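A.B. asks: Here you go, one structure.
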Amino acid sequence: MSAAAPPTAAGTGVPAPVAGKAVGVSPLRRLFNELTRSTSGFIGLCLVLAILLVSLVGPLVVGTQVPGDAARAWEGPSAQHWLGLEGSGKDTLHLLVIGGQTVLMVGFLAASITTVIAVAIGALAGYFGGRFDALMLQLTDIVMTVPQIVLLAVVGAFYNLDSPVLLGVIIGILTWPVLMRSIRAQVLSLKEREFVEAAQLLDVGWVRIVFGEIVPNMASYILINFIIAVTNAIYAMVGLYLLGLAPQKGVNWGIMINDAWTKGAMFNPDAMPYIVAPVTMIVLLQLGLILLTRTLEEILNPRLRDR
Amino acid sequence: MTADVSTSEAPPGSRPHARPRAPLGHRIYHSFILRRLLRSLFVVWVVASGVFLMVRLLPGNPVDVYINQQIALYGKSYEQAAAEASNFFRFDPATPIWRQYIDYLVGLVQGDMGTSIATPGVTVTEKIAQHLPWTLYSVGLALLISITIGLILGMIMAYRRGGVIDHAVSIIGSGFHAIPNYLLAILIVVVGAVQLEIIDYTRMRGNMSPGVEPEFSLRFLSDIGYHATLPMITYILTTVGTWALIMKASTTQVLGEDYVTVAKARGLKESRIQTNYVGRNALLPLIAQIATQAGFIVGGAIFVEQTFSYEGVGLLLFESINTRDYPTIQGVLLVVTVTVVLANLAADLINAALDPRIRLGEGGAA
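Here the protein sequences come in this chain order: C and E.
Just so you know, the working numbering puts 128 at position 122 of the first sequence, and the rest follows in order with no gaps.
Just so you know, the working numbering puts 169 at position 157 of the second sequence, and the rest follows in order with no gaps.
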C-alpha cells in the first residue's frame, strides 16, 4: 500500500497548480487526484461515471421508444441485437440503456431527502441537546425498530405509489434516522472545538454557527453518507419493483428483472441476457458506489490509512 | 449527627468503597433491566398505535378501501360491507374511535389480530404462528453462522493487516456486500440451478419435502436443513464480509489499547491475550450491531423467501400484499417489529451484563 505521502498534484495531465504548492490546489482537485491514485477508488469512479453516462445520455441517443416485434420474442443474442430480444420482441440492450434513469433518479432523490433531513435534525439536536435531542433520539429509536423494507412494502400496499418520484420521497422520509444519529454524534464532538467557541464569542447567531461553521466541517462525512444512502435507496426501490410491489409502469431494471422472473426467463437459455443484464447493471452500480465510499473514507479520514 | 455518620460507614467485611444500598423503591426505579423493558413496551405501543392510525384513520385506509370494493364489486349495501369489514378487522363501527382503539389494544394483548381476508376462517395469529418459526429458524441460524465466520476472519485480518487474507476478504466481502440479497438469490437460481445445474432448485424450494411431517427426528431435521440451505447461503454470503470488516476495525482499535501492551509486557501467553484481552473487548461494540442487522435481514427476507418459495413471514407478507389481505399485513408488521424489539432488548441486556459501564451509566444519567 502506498504510504501516507503528502498529497501533491502528481496527476496525469493536470495543469500546474498556482506556485507549484500543494496548498494552492483546490480541495476538489486534490480529492480527485487521490481518488484516481487508489485502484479501488478509480474502478469505483469509472463504474459510477460510466453507468451515469449510459443511463443519462444513452436515452437521448437511442430514443425512449422501443419498437417491439412479437413474432421474434425471446430471440437469442445476434449481431443486430447484442443481448437478444425479450418477451414482446423488444431489444434487451435498448431497454437496459433507458432503464437506468429511474433507478438513478429515485436513488439520488431519496438520498438527498434523507441527507437533508438527517443533517438538519442531527445538527440541531446535537448542538442544542436538551429536550429536542431526547425527543429525536426516542423517535429514531422507534423508527429504526421497524424494518424499513417491511414498512416500505406495507406503505406501498396501503397507498398506491404510482410514480417513481413519490416512491423516492417515501424512501427518503423513512430512512433518515440512522444517518441522523451519526451526524448528531459528530456534532457533539465538533461543538467543543475552538472554532465553534470563537463563533459563539462573536455572537453570530446559532443559524450561522450550526449551518455555517459546524455542518461545512462535516462535509466529507456527509458526502460519504450520501453515497451510502444512494445505495440503500436503490436496494429498497429495486426490491420493491422486483417483487411487483411498486406499479409496473415504464421501463427500469427492477421491472425488467420482475418481468423476466415471472415469465420464467431463467429457464430459457436464449432469454438469459434479459435477466442477467439488469442484475449485472445494478450490481456494478452498487459495487462502484461502495468502492467509492470505501476509498473516500480512507482519503478523508487519514487515521484509517495507517491501520 | 455523629451516630448518623457512623451508620453510613462501611460495615465491617465489605469493600471500603462499596456504595450504600439505596432504598428498594429507588433501586427498582433505577434498575437498568426494568427501564429497558419499559422502553421496549413503549416502542411496541407506539408502533401498534401507528398501525391503528394507518389502517383506520388516514385517507385511503384499508377499511374504507375494503368497504368501497365490496360495494362496487358485489353490489352489497354499505351496512353489509361495513359489518364484514368490522368482522375481519375486529372493530365495531358503531363505537367511537377511542373505544375502537382501546378494544384493538386489548385484542393485541390477548393475541387477537383479526381474521385473514384471503383465507376466511383462519385468524391472523394462526397464520403468523405457521410462518414465523421458519423465518426465525433460517434467519437466526444464518446470522449465527455468518457472525461466527465473520468474527474469526475479522480477527485474523486485524492480526495480519495487509496480508493475503486481509486483502482477499476485503475485496470479496465488499463484492458480496454490493450485491443486494434478492439479486444474489436470483443469481443463485440462474447460475447455480439453470446454467451449472449443481443446485436442484425445484427440489430445494419450499420449507420441507412433501410427505415429511414436523416431528423431532433426524429425517425431519435434515430435511428442513436441506430446504433452508439456499436462503441461508444468501443471508450468509451477503453479510459475512460486513461482519469481518466491523470485527477487523474493532480488533485493530483494541490492539492499540494500553492494556494490551501491558498484557504483552507482562509476558502473558499470546492465546490468553487474544481471547481474554483482545477478543472480549473487541466483541462489545458488535453486539448492538447484531440487533440492527437482524432487523435488516428480516426485512430482506421478504425478497429472498419469495425467490426460494420459502414459506416464512416474508413470503406471507408478500402474499398478503398481493391479495390485499390487510389484517394479515397489519399483523405481520406488528410481529416483525416485536421480534426486532426483542432482539434489541436481548442485545442491550447482554451488553449490560458484559459491560458494567452501560447499566450504571444509563441508570445514573436519567
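All residues carry an ideal CB built from backbone N, CA and C; glycine is no exception.
In this text the structure is predicted, and so the values were computed from the model without any measurement.
Identify every run of the alpha helix (DSSP H) within the region 40 to 90 of chain E, keeping only runs that are complete inside it and at least 4 residues long; order them along the chain.
C.D. replies: Entirely contained in the region 40 to 90 of chain E, the alpha helix (DSSP H) runs reaching 4 residues are, in chain order, 44 to 64 and 74 to 86.
A.B. asks: Threshold first: 4 residues or longer. Then list the alpha helix (DSSP H) segments lying entirely within the region 171 to 210 of chain C, N to C.
C.D. replies: Fully enclosed alpha helix (DSSP H) runs of no fewer than 4 residues occupy 183 to 196 and 200 to 208 of the region 171 to 210 of chain C, in order along the chain.
A.B. asks: In three-state DSSP terms, what is C/L91?
C.D. replies: Your numbering for residue 91 of chain C matches position 85 in the first sequence. C/L91 falls in the strand class under three-state DSSP.
A.B. asks: Whole alpha helix (DSSP H) runs in the region 87 to 170 of chain C with 4 or more residues, listed along the chain?
C.D. replies: 98 to 104, 106 to 134, 136 to 151 and 154 to 164
A.B. asks: Looking at chain E, which residues of the region 140 to 151 of chain C have a Cβ within less than 7 Å of any of its Cβ atoms?
C.D. replies: Those residues of the region 140 to 151 of chain C that come within reach of chain E (Cβ to Cβ, closer than 7 Å) are D147, I148 and T151.
A.B. asks: Against chain E, with Cβ distances strictly below 7 Å, would C/K27 count as a contact?
C.D. replies: Here residue 27 of chain C refers to the residue found at position 21 of the first sequence. Residue placement at C/K27 is flagged as unreliable, the pLDDT there being 43, under the threshold of 50; the coordinate-derived value follows with that caveat. For C/K27, the answer is no, since every Cβ of chain E falls outside 7 Å of its Cβ.
A.B. asks: With 16 other CB atoms within 10 Å as the buried threshold, where does E/H179 fall?
C.D. replies: What you label residue 179 of chain E is simply residue 167 of the second sequence in a count that begins at 1. Looking at its Cβ environment, which holds fewer than 16 other Cβ atoms inside 10 Å, E/H179 is exposed.
A.B. asks: Determine whether the Cβ of E/A190 lies closer than 7 Å to any Cβ atom of chain C.
C.D. replies: By 1-based counting over the second sequence, the position of residue 190 of chain E is 178. So, interface residue.
A.B. asks: Is there a Cβ from chain E that is less than 7 Å from the Cβ of C/V160?
C.D. replies: The residue given as residue 160 of chain C occupies position 154 in the first sequence. At least one chain E Cβ lies under 7 Å of C/V160.
A.B. asks: Going along chain C in order, which residues have a C-beta closer than 8 Å to the C-beta of E/N356?
C.D. replies: In the second sequence, counting from the first residue as 1, residue 356 of chain E sits at position 344. In chain order: T151.
A.B. asks: Can you give me the start and stop residues for the alpha helix (DSSP H) that E/R333 sits inside?
C.D. replies: Numbered from its first residue, the second sequence carries residue 333 of chain E at position 321. Here the sequence assigns Ile to residue 333 of chain E, which means Arg is not the residue at that position. That run of the alpha helix (DSSP H) goes V325 to N334.
A.B. asks: Hey, E/V136 and E/T340: beta-carbon distance below 7 Å or not?
C.D. replies: Here residue 136 of chain E refers to the residue found at position 124 of the second sequence. Here residue 340 of chain E refers to the residue found at position 328 of the second sequence. Contact: yes.
A.B. asks: Give a yes or no on whether the minimum CB-CB distance between E/G291 and chain C is below 7 Å.
C.D. replies: Residue numbering aside, residue 291 of chain E sits at position 279 when the second sequence is read from its first letter. E/G291 does not count as touching chain C.
A.B. asks: Using 8 Å as the threshold, is the region 64 to 84 of chain C in touch with the region 294 to 304 of chain C, meaning 3 or more CB pairs across them?
C.D. replies: no
A.B. asks: Who does C/G74 pair with in a DSSP beta bridge?
C.D. replies: As a first step, residue 74 of chain C must be located in the first sequence, where it is residue number 68. The partner list for C/G74 (beta bridge, DSSP) reads C/K96.
A.B. asks: Classify E/T127 as helix, strand or coil using the three-state DSSP reduction.
C.D. replies: Your numbering for residue 127 of chain E matches position 115 in the second sequence. Taken through DSSP and simplified to helix, strand or coil, E/T127 comes out as strand.
A.B. asks: Hey, does E/E374 have any beta-carbon neighbour from chain C nearer than 7 Å?
C.D. replies: The sequence position of residue 374 of chain E within the second sequence is 362, counting from 1. The pLDDT assigned to E/E374 is 49, lower than 50, so where the model puts this residue is not dependable; a value taken from the coordinates is nonetheless given after this. No, no contact with chain C.
A.B. asks: Can you tell me whether E/E317 is buried or exposed, with buried defined as 16 or more other CB within 10 angstroms of its CB?
C.D. replies: For the purposes of this step, residue 317 of chain E is taken as residue 305 along the second sequence, with counting starting at 1. The residue in question, E/E317, is buried, as its Cβ has 16 or more Cβ neighbours within 10 Å.
A.B. asks: What do you reckon, are the CB atoms on E/V347 and E/I210 nearer than 7 Å?
C.D. replies: Here residue 347 of chain E refers to the residue found at position 335 when the second sequence is read from its first residue. Here residue 210 of chain E refers to the residue found at position 198 when the second sequence is read from its first residue. For E/V347 and E/I210, no; Cβs fall outside 7 Å.
A.B. asks: Excluding the 5 residues flanking C/V193 on each side, which residues of the same chain have their C-beta closer than 7 Å to its C-beta?
C.D. replies: Sequence index remark: in the first sequence, residue 193 of chain C carries index 187 (1-based). Excluding sequence neighbours, C/V193 sits near G128, A129, G132, Y133 and I220.
A.B. asks: Identify every residue that forms a DSSP beta bridge with E/T135.
C.D. replies: On the second sequence, position 123 is the one that residue 135 of chain E refers to. According to DSSP, which records beta bridges pairwise, E/T135 is partnered with E/T127.
A.B. asks: To the nearest angstrom, how far is the alpha carbon of E/A313 from that of E/Y247?
C.D. replies: Translated into positions along the second sequence, residue 313 of chain E becomes position 301. Translated into positions along the second sequence, residue 247 of chain E becomes position 235. A straight line joining the alpha-carbon of E/A313 with that of E/Y247 spans about 9 Å.
A.B. asks: Compare the Cα-Cα distances from E/T131 to each of E/V201, E/S229 and E/R336 and report the closest residue.
C.D. replies: Mapped onto the second sequence, residue 131 of chain E falls at position 119. The shortest Cα separation from E/T131 among E/V201, E/S229 and E/R336 belongs to E/R336.
A.B. asks: When Cβ atoms are compared, which residues of the region 175 to 209 of chain C fall closer than 7 Å to chain E?
C.D. replies: Within the region 175 to 209 of chain C, no residue has a Cβ that lies closer than 7 Å to any Cβ of chain E.
A.B. asks: When burial is assigned at 16 or more other CB atoms within 10 Å of the CB, is E/I109 buried or exposed?
C.D. replies: Counting from one through the second sequence, the residue named residue 109 of chain E turns up at place 97. The residue in question, E/I109, is exposed, as its Cβ has fewer than 16 Cβ neighbours within 10 Å.
A.B. asks: Check whether the Cβ atoms of E/K260 and E/M169 sit closer than 7 Å, and answer yes or no.
C.D. replies: By 1-based counting over the second sequence, the position of residue 260 of chain E is 248. By 1-based counting over the second sequence, the position of residue 169 of chain E is 157. Judged by beta-carbon spacing, E/M169 lies within the 7 Å limit of E/K260, meaning their Cβ atoms are closer than that value.
A.B. asks: Go ahead and label E/N293 buried or exposed: buried means 16 or more other beta carbons lie within 10 angstroms of its beta carbon, across all protein chains shown.
C.D. replies: The residue given as residue 293 of chain E occupies position 281 in the second sequence. So E/N293 counts as buried.
A.B. asks: Is the beta carbon of E/M97 less than 7 Å from the beta carbon of E/Y78?
C.D. replies: Against the second sequence, residue 97 of chain E aligns to sequence position 85. Against the second sequence, residue 78 of chain E aligns to sequence position 66. Looking at the sequence provided, one finds Ala at residue 97 of chain E rather than Met. With respect to E/Y78, E/A97 sits close: the two C-beta atoms are nearer than 7 Å.
A.B. asks: Going by beta carbon distance, what residues of the same chain come within less than 8 Å of C/S84, once the five residues before and after it are set aside?
C.D. replies: Residue mapping note: residue 84 of chain C aligns to position 78 of the first sequence, counting from 1. Closer than 8 Å at the Cβ level, and outside the excluded window around C/S84, lie G90.
A.B. asks: Looking only at its own chain, which residues have a Cβ that is under 8 Å from the Cβ of C/S46, when we skip the five neighbours before and after it?
C.D. replies: Taking the first residue of the first sequence as 1, we reach residue 46 of chain C at position 40. Taken in chain order, the residues that qualify are L297, R300 and T301.
A.B. asks: Cβ of E/T273 less than 7 Å from any chain C Cβ?
C.D. replies: On the second sequence, residue 273 of chain E is found 261 positions in, with the first residue counted as 1. Not one chain C Cβ lies under 7 Å of E/T273.
A.B. asks: What distance in whole Å lies between the Cβ atoms of C/I177 and E/P192, which are believed to be in contact at a cut-off of 8 Å?
C.D. replies: If you number the second sequence from 1, residue 192 of chain E lands on position 180. If you number the first sequence from 1, residue 177 of chain C lands on position 171. So it is not a contact: roughly 14 Å between Cβ atoms.
A.B. asks: Under 8 Å Cβ to Cβ from E/I83, same chain only, skipping five residues before and after it: list those, please.
C.D. replies: Numbered from 1 along the second sequence, position 71 holds the residue referred to as residue 83 of chain E. Same-chain partners within the cutoff: S89, Y90 and A93.
A.B. asks: Please identify, using Cβ separations under 7 Å, the residues of the region 317 to 330 of chain E that lie next to chain C, in order along the chain.
C.D. replies: For the region 317 to 330 of chain E, which is checked against every Cβ of chain C, the residues closer than 7 Å are Q318, L329 and F330.
A.B. asks: Taking Cβ to Cβ, would you say E/F320 is nearer than 7 Å to E/R217?
C.D. replies: Taking the first residue of the second sequence as 1, we reach residue 320 of chain E at position 308. Taking the first residue of the second sequence as 1, we reach residue 217 of chain E at position 205. Remark: C-beta atoms of E/F320 and E/R217 approach each other more closely than 7 Å.
A.B. asks: Can you pull the chain C neighbours of E/F101, defined as C-beta to C-beta under 9 Å?
C.D. replies: Mapped onto the second sequence, residue 101 of chain E falls at position 89. Those within 9 Å of E/F101 in chain C number zero; the least Cβ separation is about 13 Å.
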